[in-house]
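In my numbering, the protein residues as written are 1299 to 1409.
Ideal placement from N, C-alpha and C gives every residue a C-beta, glycine not left out.
Read the structure below first, then the notes.
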Amino acid sequence: TDIIKMQSTELQQLREQNEKLQEEVGVLRKVQVSEDTRMLVWRNEALNTHCAQLQQKVDDLTIAHSKAQIDLHKERQRHRAQEAEMTQHLKLLTVAYEEVLARKDPEPVEL
């Protein structure tokens, strides 16, 4: 019976120790989940910040691209206006040259 009492006492101690360890495991799991949650929150905040920075960069580049397109459009308009002006000037020179040729005696013109 002494052996049974010793085994019973030992079994009771093992059960108590097991219960304490189970409680510790539960606490550690909660701590781990809490740390994982904090880490995920931190990562989420970091990603949101990075996302906002990238969005700002996209917005800035979009604005710069739009400005460049406007400048390019204005430059094309200036070139077209210059081309039209030069074409008109060439036509006037052609008419004036033809008038000069019509007034003179027909002589060969050397270019």
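- In the structure shown, the three-state DSSP call for THR1360 is helix.
- Our two residues, LYS1402 and ALA1394, have alpha carbons roughly 13 Å apart in a direct line.
- Pairing LEU1399 with ILE1368, the inter-Cα distance amounts to about 46 Å.
- Rounded to the nearest whole angstrom, the CA to CA distance from ASN1316 to LYS1328 is 18 Å.
- Here THR1299 carries a coil assignment [DSSP, helix/strand/coil].
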